[in-house]
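Residues in the sequence shown are numbered consecutively from 13, following the working numbering.
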Amino acid sequence: MTIELIIIGDEILNGRTVDANLAWLAPWLFKQGLKLGNVAIVRDDQEQMLKALELAWSRSDIVLTSGGIGPTLDDLTKTVLAEFAGKKLCEDRQARAIVENNYARLSRPWTPTTNGYHLIPQDFIATDNPGGLAPGLVWFDHNKALMAAPGVPKEFALMVEHVFFPLLQSKGFNVAGDQAQIIMRTYGVPEEKIFGELCPSLWQQLTPYGKVASLPHLTGVDILITFDGANNKEKFQSEIQTIVESSALSAHVWQWGELSLEQLIVDKAREKNLTFCFAESCTGGLAASKITDIAGSSEVFLGSAVTYANEAKNEFVGVKQQTLSKFGAVSEEVASEMASGALKKFGADFCVSFSGIAGPGGGSGAKPVGLVCQGFASAQKTQSRSLQFRGDRLKLKERFALSGLFWLLENLN
């Protein structure tokens, strides 16, 4: 079954909005064993939209659109869908009932003069919108489905998952695919070193199992093997792990799976009944922000002291003034005292600290931009280290935070 997405909106092609629906839809479909065949992004332009629909309909079984079904003048999707299907826009009782219910849910008045949500193309089905006001639209023709959802990411995701796909299943569409994927996540080694030095034959060794892909990110590389036949996943993963574990890459693999680093840290801390905290300077609370993005992190994460100024380092986490004067704020000595002081302050099992130079100014020959000093403290030990990274200010902050989180994971393991 082939699936296609048409993303509609001037604001996306003008760079005012970053589309989030593709980023959600592709992995969600993959979890269903399905894949997205094609994607088009078009402006709020009737001719462009019509051409995109015609092409998508010619080559796909299910065509999804996002955007353009709201109440403003540039919301042209309903008009274009009607033209494409050769239908007229008419008042629909089901659409009207859905709209009235949605407005009542938010304690807001609605009348037919408020907007045209109750007008839909003939023979289209109006569907519920669990997260918003405008009904979704579905049209079945010649064993194909055309489905229009709002562009708002929350509304789009809820409608696709909880309305569109159950409806497809009830109409006899096979929405249970057989695609699977094995994901190996590595840290601290670039692509060229993995495939050129550590494991020159790895790609060829993995190819018999499926389609191999290498996805670099800020701190490492994810290697993915995608294949048909989900029932083979356990066998394939065992064989692939055997190949990797006998190679020089093994020391750089931090996960077989697709959990985020933050989720894995929280899960591991829960499993071992350990708590942790941070003392942050150059990262400005970024490490804490990443951890608190994870639901349930409060069970293991006690907090972070954002001690940006030297006075804050001294007052809140007990860094000695003498240490600051002698070694400077960006030093392993200060990072050690930040970690041990915050550990005591929060009463945690583990603490990681961060003090560095994110630039673009403030560096020197001895302490260049991109230098981060990190401390680790527990009841058993206190350590510190210095790392050097490259990038602009935001990328450096990201690298500083992630490298510290990897160090925390290493100690949790």
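Just so you know, even glycine gets a beta-carbon here, dropped at the ideal spot from N, CA and C.
For E251, the closest of A225, P220 and G232 by C-alpha to C-alpha distance is P220. The count of Cβ pairs closer than 8 Å, one atom from the region 151-167 and one from the region 117-129, stays below three, leaving the stretches out of contact. Rounded to whole angstroms, the gap between the alpha carbons of G403 and V201 is 16 Å.
Three or more beta-carbon pairs separated by less than 8 Å link the region 263-277 to the region 199-215, which places the two stretches in contact. Here the region 96-106 makes no contact with the region 178-192; the two share fewer than three CB pairs at distances below 8 Å. By the neighbour-count criterion, in which 16 or more other beta carbons inside 10 Å mark a residue as buried, R411 falls on the buried side.
Judged by DSSP secondary structure, W268 falls outside any alpha helix (DSSP H) and instead within the beta strand (DSSP E) spanning V265 to W268.
In this structure, the CA atom of F248 is about 10 Å from the CA atom of A242. Taking the Cα positions, G416 is about 18 Å away from F358. Going by C-alpha positions, V384 is about 22 Å away from E327. A direct Cα-to-Cα measurement between E274 and K99 gives close to 50 Å. Bounds of the beta strand (DSSP E) holding W151 are G148 to D153.
Secondary structure in the region 292-368: the beta strand (DSSP E) runs of 3 residues or longer, each lying completely within the stretch, are 313-318 and 362-368 in chain order. Counting only runs of 4 or more residues that sit fully inside the region 217-293, the alpha helix (DSSP H) segments are 245-257 and 273-284, in chain order. Note on Q181: under 16 other CB atoms within 10 angstroms of its CB, so exposed under the neighbour-count rule. Taking a cut-off of 8 Å on C-beta distances, the region 14-23 touches the region 45-65, as three or more cross pairs fall below it. With fewer than three CB-CB distances shorter than 8 Å, the region 224-243 does not count as touching the region 302-313. Listed as beta-bridge partners of C385 by DSSP are S367 and S398. Separation of T84 and V75 (C-alpha to C-alpha, rounded to the nearest whole angstrom) is 23 Å. Ranking S337, K407, L406 and F388 by CA distance to the CA of S398 puts F388 first. Taking 8 Å as the cut-off, the beta carbon of V318 is found no closer than this to the beta carbon of G353. Taking G330 as the centre and dropping the five residues before and after it, the same chain places the C-beta of E349 and G353 closer than 7 Å to its C-beta, in chain order.
DSSP places S78 in the uninterrupted beta strand (DSSP E) bounded by I74 to S78. The beta carbons of L145 and V111 sit closer together than 8 Å. Here the C-alpha atom of Q334 lies approximately 12 Å from the C-alpha atom of K325. Residue pairing by DSSP places C102 opposite I132 in a beta bridge. The straight-line gap separating the alpha-carbon atoms of S376 and G208 is approximately 34 Å. For the set L210, V342 and I24, the Cα lying nearest the Cα of R55 is the one of I24. Shown here, A32 sits in coil according to DSSP, grouped into three states, outside any helix or strand.
Per DSSP, reduced to three states, the secondary structure at L158 is strand.
Between G148 and V175, the C-beta spacing is below 8 Å. The Cβ atoms of L408 and G382 sit closer than 8 Å to each other.
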